[in-house]
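Protein chains in written order, with our numbering: chain B, 1 to 187; chain H, 188 to 374.
Worksheet: one structure, shown below.
Number of protein chains: 2
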Amino acid sequence: MGRWEPNASGRLREAALELYVERGYEQTTVAEIAARAGLTARTFFRHYADKREVLFAGSTALRDQLVSAADGAPESASPMEAVSVALAAAAEVVGGHREFARRRQSVIAAHAELQERELIKMASLSAALADALRRRGVTDPNARLAAEAGIAVFRVAFERWVGEPEDRGLAQVMSESFDQLKALTAD
Amino acid sequence: MGRWEPNASGRLREAALELYVERGYEQTTVAEIAARAGLTARTFFRHYADKREVLFAGSTALRDQLVSAADGAPESASPMEAVSVALAAAAEVVGGHREFARRRQSVIAAHAELQERELIKMASLSAALADALRRRGVTDPNARLAAEAGIAVFRVAFERWVGEPEDRGLAQVMSESFDQLKALTAD
Chain B
1 MGRWEPNASG RLREAALELY VERGYEQTTV AEIAARAGLT ARTFFRHYAD
51 KREVLFAGST ALRDQLVSAA DGAPESASPM EAVSVALAAA AEVVGGHREF
101 ARRRQSVIAA HAELQERELI KMASLSAALA DALRRRGVTD PNARLAAEAG
151 IAVFRVAFER WVGEPEDRGL AQVMSESFDQ LKALTAD
Chain H
188 MGRWEPNASG RLREAALELY VERGYEQTTV AEIAARAGLT ARTFFRHYAD
238 KREVLFAGST ALRDQLVSAA DGAPESASPM EAVSVALAAA AEVVGGHREF
288 ARRRQSVIAA HAELQERELI KMASLSAALA DALRRRGVTD PNARLAAEAG
338 IAVFRVAFER WVGEPEDRGL AQVMSESFDQ LKALTAD
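Right, here's the structure in full:
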C-alpha cells in the first residue's frame, strides 16, 4: 500500500473537476487527474472506481443524512414535515460548496451518460426516503408520493441554487421551493 | 422491402413480451421474437431499433398526448390543473392494456438497465410537461416543480394501478393519487 496522503480524495475530486471543465470529461484520463493532484493512479483507484464516480462520491453520505434526519424527525411530524426535515439536513451536506456544485452540474449537463447516473442517484434517494417514511408508519402510496415530491423539490431547488447569481444558501432555496410546491398543489 | 404485414408492430411487441416473461429478457433474441410473431428479423428492425426499444415504443405517443393536453387546457386553469388535465390524457393512452403494462413492468423491475431507460423516459416526460407549462406563461421554478410533481403522481399511480388486484381504471387511480399529493402537501 502507498503512504497515506492527506485529503487525497478531496484533492483528486478537485483535480478531476478542473480537468473536466478545462479539457472535457471524455478527454480526461485517470492518470491526468492523479498527476494534477500530485498523486498516483493507484491512489486514485483506492478512492474512486473510475472517473465517473468522482462526480458521485458524495451520494452515500447524502442518502445517509437524508434518511437519518427523516428517522429522527419528531413523532408528531406529518409525512411532508418529515420530508422537509430531511431536505434541510441534505442541504447541510451538499450546500457548502456552491462553486464545486456549479462546475459539477455543468459537466453533468453536457453528458447524457452522467445525466443518467444522476437520475439513478435521485431515484435511489427517493426510494431511501420512502423507506424512512414507511418506518415512521406512513403507508403507501403516501410514502412514495411524499418521497417523490420531496426529491422533486430537492432537485429543482438544487439547480436553482447552483444557477442563481448570488449564494442565498441551499437550505433557504430548498425551503422556498417547498413552500412553492405547497402553494401550487393548493391551487 | 418486404410485403406489408398487418399490425406487425403490435404482434412483435406481444411476442417480445411473451418471450421476456417466459425465458427472460437477456435470453431472448430478435430472431426469436420475429419467429414467434410469424415475421422476419428484417420486419422487426423496420419497427424497432432493438429488443429494448420494444418496451419503450409508446413513449413518444405518451409525451405528445401529455403535451397537447397541457397545451389545450383552459386558459383559466392553474398550473396543477393543467397538469391534471395532462395526466388524465396520458391515462387514456397507457391505461387501456393493464395486462400488457403489468408484464412489461415485471420485466423492467428485473433489469437495472431497463429501469434506467424508464427513468430517462420519465425525466423526458417531466421536461416536456414543464415546457408546456412555460408556454402557458408559468414561470420557473413553478413550471419545473409542477411538472416534477405531476410526473411523480403519474409514476406512483401507474405502479399502483398495475399492482392492484382489480382494474379500477388508470384515470381513477391517477386522480386519487393526485388528491393524495394535495392532502399530503397541505399537512
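Positions of the beta carbon are idealized from the N, C-alpha and C atoms, including for glycine.
Close Cβ partners of residue i (< 8 Å) along its chain, the five nearest in sequence each way excluded
i, result
"residue 164(B)", "173"
"residue 12(B)", "33, 34, 37, 39, 43, 44, 47, 48, 54"
"residue 259(H)", "272"
"residue 134(B)", "140, 143"
"residue 94(B)", "58, 62, 101, 158, 170"
"residue 114(B)", "25, 52, 55, 107, 108"
Interface partners of residue i on chain B, CB under 8 Å
i, result
"residue 343(H)", "141, 144, 145, 148"
Segment limits, alpha helix (DSSP H) that includes residue i
i, result
"residue 308(H)", "299 to 322"
"residue 96(B)", "Counting along the chain, residue 96(B) falls outside any alpha helix (DSSP H), and DSSP gives it neither H nor E."
"residue 241(H)", "It is not in any alpha helix (DSSP H) - residue 241(H) carries neither H nor E in the DSSP assignment."
"residue 329(H)", "329 to 350"
"residue 196(H)", "195 to 210"
"residue 370(H)", "357 to 373"
"residue 230(H)", "228 to 234"
"residue 30(B)", "30 to 36"
Chain H residues whose Cβ lies nearer than 8 Å to that of residue i
i, result
"residue 116(B)", "303, 306, 307"
"residue 187(B)", "265, 266, 267, 268"
"residue 110(B)", "Those do not exist, as residue 110(B) stays about 16 Å from chain H at its closest Cβ, beyond 8 Å."
Cutoff 7 Å; reference residue i; Cβ partners in own chain excluding five residues on either side
i, result
"residue 253(H)", "273, 276, 277, 312, 315, 316"
"residue 305(H)", "295"
"residue 15(B)", "33, 36, 37"
"residue 82(B)", "70, 73, 133, 136"
Where residue i meets chain B, residues with beta-carbon distance less than 7 Å
i, result
"residue 319(H)", "Neighbours of residue 319(H) on chain B: none; closest Cβ ~15 Å, over 7 Å."
"residue 256(H)", "Going along chain B, no residue has its Cβ under 7 Å from residue 256(H), so there is no contact; the nearest lies around 18 Å."
"residue 288(H)", "Near residue 288(H) there are no residues of chain B at all, since even the closest Cβ is about 17 Å away, more than 7 Å."
7 Å Cβ cut-off: residues of chain H touching residue i
i, result
"residue 190(B)", "Chain B is shown from 1 up to 187; residue 190(B) falls before or after that span and cannot be answered."
"residue 123(B)", "306"
"residue 152(B)", "332, 335, 336, 339"
Own chain, CB closer than 6 Å to residue i, minus 5 neighbours either side, in chain order
i, result
"residue 138(B)", "79"
"residue 343(H)", "364"
"residue 228(H)", "217, 218, 221"
Per-residue contacts from residue i into chain B (C-beta, under 9 Å)
i, result
"residue 278(H)", "What residue 278(H) touches in chain B: nothing, since even the nearest Cβ is about 16 Å away."
"residue 260(H)", "Within 9 Å Cβ-Cβ: nothing; residue 260(H) doesn't reach chain B, min ~13 Å."
- Taking a cut of 7 Å between CB atoms, which residues from the segment 343 to 373 of chain H lie near chain B? Going along the segment 343 to 373 of chain H in chain order, one finds 343, 347, 364, 367, 368, 369, 371, 372, 373 with a Cβ nearer than 7 Å to chain B.
- Message: List, from N- to C-terminal side, the alpha helix (DSSP H) runs of 4 residues or more that fit wholly inside the segment 59 to 84 of chain B.
- Response: Listed in chain order, the complete alpha helix (DSSP H) runs (minimum 4 residues) inside the segment 59 to 84 of chain B are 59 to 72.
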